[in-house]
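Report on the following structure.
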Amino acid sequence: MEEEAAERGNLAGVRHILLVLSGKGGVGKSTISTELALALRHAGKKVGVLDVDLCGPSIPRMLKVQGKDVHQCDSGWVPVFVDQDKSISLMSIGFLLENSDDAVVWRGPKKNALIKQFICDVAWGELDFLIVDTPPGTSDEHISTVESLRPYKPFGAVLVTTPQECTNIFSKGGGEELAKHAGVPFLGCVPLDPHLAQSLEEGKDFIQEFPKSSAFPALASIAQQIVDRTSPQGS
Ligand SMILES: Nc1ncnc2c1ncn2[C@@H]1O[C@H](COP(=O)(O)OP(=O)(O)OP(=O)(O)O)[C@@H](O)[C@H]1O
Ligand SMILES: [Mg+2]
C-alpha cells in the first residue's frame, strides 16, 4: 500500500481522475470541466482541475482566478485555490505564461515535457476528483496526456459533443445515439443556457447562483451520476 502511494507521487492522494474530451473545438469541454468541478464541490467533494489546453487555457477565466501566481513547494507546483475553504484547486498553463501568445510557438517535445510535468509535478494533496480539461481534437497533447495519466489509472472520460458535430442520422439526440453506438453510458444533455454563458464569462458559480436555470438539472445530474459511479457501492 505504502509502496503504491510512493509510486503515485503527487497523485497519491487523488482518488478519481476524469478526463474531459471532445473530437472538435468549442463544444463545451471547459464549460463541462468547470461546472462539474463546481457541482462536485457543492456535493461536498474536494476537486482539482488540470487545464491541459496549452493554446487556449480558459478555465482560469471561468473560475475567476486569472493572473494568479503559481508557487513552488518541495514536492512541486502548488495549484491555485479557487475558494477560501480550498475545495477547488486549479493548475493551468495560463498561470505560467506571461503572454498567452507564448504557447503558440511551442512544439511537440516541449509540449510533451510540459504535460508530463503538469501531470506529475503538481502538489494536489488530497482530492476526491481530478478533472483534466483537454484541448480540442486528437493532437499530440492528447496522446501525451493519456500516456502520462495511464499509470495512474483514470476512472474514465466524459466525451462532450454537440448535435451538429454528428452525421445526419445522429442529428437529433446526437450524444445519446453516439453513446448507444459506442456502448458507453449517456450522462446527459446540457441545453444552451444564457445564464450559463454569462456565469462562465463573469467567473460566477452557476451551480450556486442559477439553480432554476435550464442547464442546472442536467449538470447536477451528470455530477451525481459520476459520484454514484465512483462510490464504492456503484463501482
Ligand atoms: N450549455 C451552454 N449554454 C450556453 N453557452 C455555452 C454552453 N456550453 C458552452 N457554452 C459557451 O460556448 C463557448 C465554448 O465553450 P467551451 O469553451 O467550454 O468549449 P471548449 O470545448 O472547451 O472549447 P475549446 O475546444 O476551444 O477548448 C463558451 O463561450 C461557453 O460560454
Ligand atoms: Mg476548452
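In the numbering used here, each residue's number is its place in the sequence shown (first place is 1) plus 15. For every residue, glycine included, the Cβ atom is placed at its ideal position computed from N, Cα and C.
Check your understanding: Taking just the CA atoms, how far does G189 sit from K79?
Key -> Cα-Cα distance, rounded: 32 Å.
Check your understanding: Counting pairs of Cβ atoms below 8 Å between the stretch 220-231 and the stretch 83-95, do you hit three or more?
Key -> The stretch 220-231 makes no contact with the stretch 83-95; the number of CB pairs closer than 8 Å stays below 3.
Exercise for review: If I'm right that K126 touches D155 with Cβ under 8 Å, what's the distance once you round it to whole angstroms?
Suggested key: Contact holds; Cβ gap of about 6 Å.
Check your understanding: Among the residues of its own chain, which have a CB less than 7 Å from the CB of Q239, if the five just before and after it don't count?
Key -> In its own chain, leaving out the 5 sequence neighbours on each side, no residue places its CB closer than 7 Å to the CB of Q239.
Review point. Is the beta carbon of T46 within less than 8 Å of some heavy atom of ligand 3?
Key: For ligand 3, the structure offers nothing, since it holds only ligand 1 and ligand 2.
**Study point:** Beta bridge counterpart(s) of I103 as assigned by DSSP
**Key:** BP columns for I103 point to V62.
Review point. Any contact of the stretch 199-216 with the stretch 55-66, i.e. 3+ C-beta pairs under 8 Å?
Key: No contact exists between the stretch 199-216 and the stretch 55-66.
Check your understanding: Do you know offhand how far A128's Cα is from S104's?
Key -> Taking the straight line from one Cα to the other gives about 22 Å.
Review point. Do A172 and L34 have their C-beta atoms closer together than 9 Å?
Key: Using a Cβ distance threshold of 9 Å, A172 and L34 count as a contacting pair.
**Study point:** I146, enclosing beta strand (DSSP E) - first and last residue
**Key:** Where I146 is concerned, the enclosing beta strand (DSSP E) stretches over L142 to D148.
Point to revise | Identity of the residue in V175, L174, W139 and Q132 nearest E162 by Cα | key: Residue nearest to E162 within the set V175, L174, W139 and Q132 is Q132 (criterion: CA-CA distance).
Check your understanding: What three-state label does DSSP hand A238 in the structure shown?
Key -> Note: A238 maps to helix in three-state DSSP.
Practice item. Measure the C-alpha to C-alpha separation of V140 and G28 and round it to an integer number of angstroms. Key: Strictly speaking, residue 140 in this sequence is Gly, with Val absent from that position. Roughly 6 Å separates the two Cα atoms.
Check your understanding: In terms of alpha-carbon separation, which member of L215, E216 and F231 lies closest to D222?
Key -> Rather than Asp, the amino acid found at residue 222 in this sequence is Ile. Comparing Cα-Cα distances from I222 to each of L215, E216 and F231, the minimum goes to F231.
Review point. Exposed or buried, L55, counting other C-beta atoms within 10 Å across all chains shown (16 or more means buried)?
Key: Buried is the call here.
Practice item. Just the C-alpha distance for S73 and I134, rounded to the nearest angstrom, thanks. Key: Roughly 18 Å between the two C-alpha positions.
Exercise for review: Indicate, with yes or no, if ligand 2 has a heavy atom lying under 8 Å from the CB of G140.
Suggested key: No, since every heavy atom of ligand 2 falls outside the 8 Å radius drawn around the Cβ of G140.
Review point. Alpha carbon to alpha carbon, what distance is there between L164 and G249?
Key: In this prediction, G249 scores a pLDDT of 49, lower than 50, which makes its location untrustworthy; the coordinate-derived value is nonetheless stated afterwards. Using only the alpha carbons, I get a separation of about 23 Å.
Check your understanding: Per DSSP, L34 is paired with what?
Key -> Note: L34 sits in a beta bridge opposite V147 and A172.
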